[in-house]
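Engineer: Numbering (the numbering used here), first residue to last: 1106 to 1222.
We treat Cβ as the ideally placed atom computed from N, Cα and C, and that holds for glycine.
Keep in mind the model is a prediction, meaning the values are calculated, not measured.
Sharing a structure with you now.
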């Protein structure tokens, strides 16, 4: 997968999360999870774009590490939404799968960039 496809994929992930967050309850449980999930999901794409603009391999690897952290954090919030029954599992599963896939892709990319194959 090339850079432009990953940029598009991470942006689409953020847009899908934005729609999902709109369906969360506006209460003491839903609000903080909404806020955290929006922050982490939008950070995935923003930091991937920053990684692509990295001035060195070390900077690229460092930014990819942030992408991995944010994608994994998004997984956590999506799992809480499912397990806390804030939304039907069917509404969240595909986003959780996408977050896991993005995490795996970025982990593999970081290993390749570091030469840890």
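Mind pulling the alpha helix (DSSP H) runs of 4 or more residues that sit fully within the stretch 1159–1200?
Structural biologist: For the stretch 1159–1200, whole alpha helix (DSSP H) runs of length 4 or above, ordered along the chain, are 1162–1188.
Engineer: Buried or exposed: residue 1152, going by 16 or more other Cβ atoms within 10 Å of its Cβ?
Structural biologist: Here residue 1152 refers to the residue found at position 47 of the chain shown. Classification for residue 1152: buried.
Engineer: Given a cut-off of 8 Å on the beta-carbon distance, is the pair residue 1175 and residue 1149 in contact?
Structural biologist: By one-based count along the chain shown, residue 1175 stands at place 70. By one-based count along the chain shown, residue 1149 stands at place 44. Cβ atoms of residue 1175 and residue 1149: closer than 8 Å.
Engineer: Residues in its own chain within less than 7 Å of residue 1172 by CB, not counting five upstream and five downstream?
Structural biologist: Within the chain shown, residue 1172 is the residue found at index 67, counting from 1. Excluding sequence neighbours, residue 1172 sits near 1149, 1152, 1153, 1156 and 1211.
Engineer: Return the Cβ separation of residue 1166 and residue 1219 in integer angstroms, given the expectation that the two are a contact with Cβ distance under 8 Å.
Structural biologist: Looking up residue 1166 in the chain shown gives position 61. Looking up residue 1219 in the chain shown gives position 114. About 6 Å separates the two Cβ atoms, so the contact holds.
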